[in-house]
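Asker: Okay, here's the structure, questions in a sec.
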Amino acid sequence: MAKVVVMDHPLIQHKIGIIRRTETSSKEFREMISEVAMLMSYEATRELPLVDIEIDTPICRTTAKELAGKKMAVVPILRAGLGMVEGMLAMIPAAKVGHIGLYRDPETLEPVEYYCKLPSDIASREVFVTDPMLATGGSATAAITMLKEKGAKKIHFMCIMAAPEGVKKMQELHPDVDMFIGALDERLNEHGYIVPGLGDAGDRIFGTK
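In structure tokens:
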């Protein structure tokens, strides 16, 4: 079974406390989502493989470390996942960015793909899928299934808030995918919202209702 890491860093917990608040503006909400993603990416990339390389310093030749292979790709689930991309790119500016768009079919309630654009070398990259909320797990599991079908092999999932129901579904359908979670909340309510949560992340990021 892959790892489930719930962040306990004080800065992450402090910023999550701010984004939960009803009175937090869209501007501040966007900034905090980005900052939390940046802090989380520091922890989520802790075990990326390194290789030794020979370099010249101003003093002498020496051995240094660099990331192995084709490095990283960040793949937000549209639209709310976009809010986490800028913060991650601040830490890993060389990462490539893909996009996955899903909507929920009103009759079957199943996620349906409407957009997918990925780096051509996705199979050789460490892929970090981002979505601020892991509620039922429907969108996240569908997006990861799509990524696997398109050749991605090393996939990690990052969310700022999760419900136990979503974590359980991810573990059942994608037991090979590590999850990095800012805060693990109590449950889902009857409308599928995370409790206590923060409402609709997409609406709060983009100022829509």
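Quick note: the sequence shown uses this note's numbering, first residue -3, plus one each step. Virtual Cβ for every residue (Gly too), placed ideally from N, Cα, C. Computed from a predicted structure; not experimentally measured.
Ignoring anything shorter than 4 residues, give me the alpha helix (DSSP H) runs that lie fully in the stretch 31 to 114, in order along the chain.
Answerer: With a minimum length of 4 residues, the continuous alpha helix (DSSP H) runs that stay inside the stretch 31 to 114 are 81 to 87.
Asker: When DSSP builds the beta bridges, which residues end up paired with residue 130?
Answerer: Note: residue 130 sits in a beta bridge opposite 158.
Asker: Hey, residue 26 and residue 198: beta-carbon distance below 8 Å or not?
Answerer: No, these two residues do not count as a Cβ contact at 8 Å.
Asker: Tell me the DSSP secondary structure of residue 194 in three-state form.
Answerer: Coil, per DSSP.
Asker: Check residue 163 in the structure and name its three-state DSSP category.
Answerer: Note: residue 163 maps to helix in three-state DSSP.
Asker: Output yes or no for whether 8 Å exceeds the beta carbon distance between residue 180 and residue 137.
Answerer: Their beta carbons are not under 8 Å apart, which means residue 180 does not touch residue 137 by this criterion.
Asker: Short of 7 Å in beta carbon distance, which residues of its chain neighbour residue 11, apart from the five on each side in sequence? Order them along the chain.
Answerer: Cβ within range, chain order: 28, 31 and 32.
Asker: When you compare the CB positions of residue 140 and residue 163, do they come within less than 8 Å of one another, or not?
Answerer: Their beta carbons are not under 8 Å apart, which means residue 140 does not touch residue 163 by this criterion.
Asker: Could you tell me whether the stretch 97 to 112 touches the stretch 49 to 63, where touching means 3 or more Cβ pairs closer than 8 Å?
Answerer: No contact exists between the stretch 97 to 112 and the stretch 49 to 63.
Asker: Return the first residue and the last residue of the alpha helix (DSSP H) that residue 14 is part of.
Answerer: Residues 6 to 16.
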